[in-house]
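S.K.:
In my numbering, the protein residues as written are -10 to 211.
1. Can you find the residues in the same chain that come closer than 7 Å, C-beta to C-beta, to residue 5, ignoring five residues on each side of it along the sequence?
2. Suppose you measure from the CA of residue 298 to the CA of residue 46; what does that come to, to the nearest Å?
3. Leaving aside the five residues before and after residue 44 along the sequence, list all residues of the same chain whose C-beta is less than 8 Å from its C-beta, in chain order.
4. Taking the runs of the alpha helix (DSSP H) that are 4 residues or longer, which of them lie wholly in the segment 103 to 135?
5. Tell me the residue span of the beta strand (DSSP E) that contains residue 200.
6. Could you tell me which residues DSSP puts in a beta bridge with residue 144?
7. Name the one or two DSSP bridge partners that residue 76 has.
8. For residue 97, count neighbouring C-beta atoms within 10 Å of its own C-beta (all shown protein chains included) and say buried if the count is 16 or more, exposed if not.
9. Ignore the nearest five residues each way along the sequence and tell me which others in residue 113's own chain have a CB closer than 6 Å to its CB.
10. In terms of alpha-carbon separation, which member of 100, 69 and 87 lies closest to residue 1?
11. Give the single residue among 197, 146, 201 and 124 whose Cα lies nearest to the Cα of residue 167.
12. Straight-line CA distance for residue 163 to residue 131?
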């Protein structure tokens, strides 16, 4: 485990002894699929867990950073999940950016391990099937999969566990044991074809009206 001493760990925002489903992303802005699918996945896979939403300072998989500020993205997440129980926002990835640390998921798991008395026991992370297909390119991907089991939801062209398994096999990046983890991690929830890119371009039907009001008040994405 590596925790950079230059960046103190942000206090854990959920009950320390509760199971947790981690949900990372840029959330620029958060839309209905972020909120509704994440909660549906939590309720299906880990009904007793807290959903811990982790906004990234800057995704290492994207060439540019978020359009909205860190403060605005956190506030939009607070609004989007305001009426949902057992959800909290952990700003550790944003907070540690001041120390020059990238938002590598492997480092985030290190910090979850240090922040919770039970470490990664009872912790899983939420990922869309489209991201799962690119997961072998993530930093320390195999180690991450061995340390923390995902919850995979349909996304893009992947709508079944069979499609996920076939696509992952074609990457030739995973052992049979790893593929078995991916297969048992898939859950069947109704997909929603929504993207933050479309929202930034002006599609507003898939945004919580309260979030949309905040976007308009702040003049975001104009």
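Yeah, the Cβ is synthetic: ideal placement off N, Cα and C, and Gly gets one too.
M.R.: Straight from the coordinates:
1. 105 and 106
2. This structure gives no information on residue 298, because the portion of the chain shown stretches from -10 to 211.
3. 13, 14, 15, 16, 59, 62, 63, 66, 78, 80, 82 and 83
4. 118 to 122
5. Where residue 200 is concerned, there is no enclosing beta strand (DSSP E), although the alpha helix (DSSP H) it sits in stretches over 198 to 207.
6. 147
7. 40
8. buried
9. 10, 138 and 140
10. 100
11. 124
12. 8 Å
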